[in-house]
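Quick note on numbering: the sequence shown equals residues 30 to 472 in the working numbering.
For every residue, glycine included, the Cβ atom is placed at its ideal position computed from N, Cα and C.
Here the structure is a predicted model, which is why all the values come from computation and not from measurement.
A quick write-up on the structure given underneath.
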Amino acid sequence: MEPAMKKTILLPLLILLSGLLSAATCPADELTIDEVVRQVLAHNERVEAKSELLASARAEAQASRGERLFRLDAESRIDYLKEEPFERFNGTPILVNDDRTAHHQLTLTQPLFTGFALSTRQQLAELGVDSARLELEQVRADLTLEARLAALDLLRRRALLELARAQHEQFLRHRDDALAMERQGLIARADLLKAEVALAAAEQQKTRAEADVSLAKSRLNQLMGRPEATPVQLTTPASPADSDPDLAFLQDEAVRRRPVMRQFDLEITKAEKAVRLARAPFYPQAALVAAYQRDGQDLLAEENDYRNDENAVVGLRLSWNLFHGGADRARAAAATSRLRAVSFLRADVEKQVRLQVEQAWRDLEVAIKNLATARQAVDQARENHRLSELQFKEGLIPIADLLEARSLQTEAETRLLEARYGLLAARARLDRAVGNNSVEADR
């Protein structure tokens, strides 16, 4: 192979290989919590399913509008009789038709009055569109909270992993110090063994924390519709502001904004329309009918030796059911009972929504207070460990006290971390309870 040809082949391969290596080593872009939510809403099967149901409801509404327009039906029939039909006139049989007949008819029917049934069905179908839209909004709200909590959980577990690593490194240094002092005869071997046990426990805790991070990352990637092993880098959000002081205002906002409350308002309206629809059989039905027909012996009904081969008719059709065994009245009573039931359920759900807001609001208040307490405890625990380390090196305290001081510091730092992310989670839950879903993907 010529050298020039080798260069021509190798150069693109080198460029491709370098691109793949750079893509593999390039760190993932950091995502904010809001960006995570947008990705979840854009790539989630539950959202797709509800979107399809919304499209179905819109098609049903379009069909209900079409029901109010005229209907055009075509009918064709070809009959072969065993004998030619006849009628007797003064005892004499007279043929009235051929033994082979063809009938073709076009019928146009325009409903004029159906006891408000067609208009009510159209209104119910349009309410079904609104209901499907609210169901989609409900799913998006649930996913927004789920995505925020999943992202916060990943950040929290990564922070816990850093604490576990820091504690492991600290216990490793304490073990090395104890080993040096034991060789010098400054401490007993039992103290060295205590340091070894503490180091092993810290190793186990670090391993568990690493597994928790991997699981949290997989869960978040699943929500975002990505492979579970995809790297995820998140921006730590700032601590939220203090809680809203007006609980009653938040409860009223939740009743006004929550999809579940608006869904029940729609259900009440739909139940009212259902009562009207159930009473439609009490009214007469009227329709305008027009038809064109052809009758004959041949396939196209162009020949007829007995009557005219074509005809047209226009008429008004009236019908009114006078008795149906009480079924229509029973259906109307059932629809009225369903209306009352939905009204009672709506009142009960409103109480639950108000209670959910109060619980989320009080959880946020507790989280704010816990954060302040945890910060003070961390400062005290760190100072205690610093002093204990100095005392141990001076031989004033045994290593067990030093290890306990380091464990207390880790516990305090863990409580502070849990308080920080607990505050962020409490804020997200309060937003969800009130119906404040600020992040929305494009519809």
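Determine the extent of the alpha helix (DSSP H) in which residue 426 is found, giving its start and end residues.
Run containing residue 426: none; DSSP gives neither H nor E here.
Any idea which residues DSSP pairs residue 324 with across the strands?
Beta-bridge pairing links residue 324 to 132.
Under the DSSP definition of a beta bridge, which residues are partnered with residue 399?
Answer is none; residue 399 lacks a bridge partner.
Mind reading off the beta-carbon distance from residue 310 to residue 348? Whole number of angstroms is fine, and I expect it under 8 Å.
Not confirmed; about 10 Å, so no contact.
Buried or exposed, going by whether 16 or more other CB atoms sit within 10 Å of the CB of residue 337?
The residue in question, residue 337, is exposed, as its Cβ has fewer than 16 Cβ neighbours within 10 Å.
What's the C-alpha gap between residue 78 and residue 286?
When rounded, the distance between both Cα atoms is 23 Å.
Which term fits residue 200, buried or exposed, when burial requires 16 or more other beta carbons within 10 angstroms of its beta carbon?
Label assigned to residue 200: buried.
State the start and end residues of the unbroken beta strand (DSSP E) segment that holds residue 123.
Taken as a continuous stretch (DSSP letters only), the beta strand (DSSP E) holding residue 123 covers 121–124.
Taking 7 Å as the threshold (C-beta atoms), are residue 458 and residue 389 in contact?
Yes. Within cutoff.
Which of helix, strand or coil does DSSP assign to residue 59?
Note: residue 59 maps to strand in three-state DSSP.
May I have the straight-line CA-CA distance separating residue 428 from residue 245, to the nearest angstrom?
Spanning the two alpha carbons is a distance of roughly 36 Å.
If you drop the 5 nearest sequence neighbours on each side, which residues of the same chain put their C-beta closer than 6 Å to that of residue 361?
Excluding sequence neighbours, residue 361 sits near 307 and 308.
Could you tell me the boundaries of the beta strand (DSSP E) in which residue 108 lies?
Looking at the DSSP string, the run of the beta strand (DSSP E) that includes residue 108 is 100–109.
Which residues does DSSP pair with residue 345 in a beta bridge?
Note: residue 345 sits in a beta bridge opposite 317.
Where does residue 293 sit, in a helix, a strand or coil, going by DSSP?
It is helical.
For residue 141, which three-state DSSP category applies?
Looking at residue 141 - three-state DSSP - the assignment turns out to be strand.
Since residue 410 and residue 438 are thought to touch, with beta carbons under 8 Å apart, how far apart are those beta carbons, to the nearest angstrom?
Yes, residue 410 and residue 438 are in contact; Cβ-Cβ is about 4 Å, under 8 Å.
Quick check on the burial criterion: 16 or more other C-beta atoms within 10 angstroms. Buried or exposed for residue 453?
Buried, by the Cβ-count rule.
At which residues does the beta strand (DSSP E) containing residue 115 begin and terminate?
That run of the beta strand (DSSP E) goes 115–118.
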